[in-house]
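Down below is the structure, laid out as structure tokens.
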Amino acid sequence: MKAKHQRLTLIVIAVVALVAAGLLAAWALRNQASYFYLPEQMQSDPPEVGQGVRLGGMVEKGSLKTLADGVTIAFMVTGKGDARVPVRFAGIVPDLFEEGSGVVAEGSLQGDGTFKADNLLAKHDENYVPREL
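Under my numbering, the sequence shown is numbered contiguously, ending at residue 134.
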């Protein structure tokens, strides 16, 4: 009977430890999740102002502008139909970032409807060839 009791105790301790580890991992990662939005989703069901999300789409041709401070850029991200989201980014722009290319902007929606990007990721197709140095 003693061996059976020890096994049961060991199983209970293992289950409690696994549940505790799972809860700790979920708690630690709760603010790390970043939802992905397309421009049409951003317009139809926008996230809360200030909530960290990712916005993906195409950089509209003719929309890329460098602002007066020389560091901040502004552009429009387009999606299906006429969905457009204005984006502002201050920082180092990826080499592959250009008008007409795909982009994923990480940041948050502002009160005026502008998406303030904290990070830009330029997308490329499967035929990527790095630029010559």
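Ideal Cβ positions, reconstructed from N, Cα and C, are used throughout, including at glycine.
Owing to the predicted nature of the structure, the values given are computational and were not obtained by experimental measurement.
Helix, strand or coil at residue i according to DSSP, with G and I counted as helix
i	result
V86	strand
K1	There is simply no residue 1 to check, as the chain begins at 2 and stops at 134 in what is shown.
Cβ-Cβ distance between residue i and residue j below 8 angstroms
i	j	result
V86	V60	no
E41	G103	no
V50	Y38	no
V72	A91	yes
G63	E100	yes
Q52	S109	yes
Rounded Cβ spacing between residue i and residue j (contact assumed at less than 8 angstroms)
i	j	result
A69	R89	Contact doesn't hold; Cβ gap of about 13 angstroms is too wide.
A118	E107	7 angstroms
F116	L56	5 angstroms
P95	L121	6 angstroms
Y36	P48	7 angstroms
Residues sharing a beta bridge with residue i, DSSP
i	result
S109	G53, K117
G103	M59
L122	V105
*Inside the stretch 5-85 only - alpha helix (DSSP H) runs reaching at least 4 residues*: 40-45
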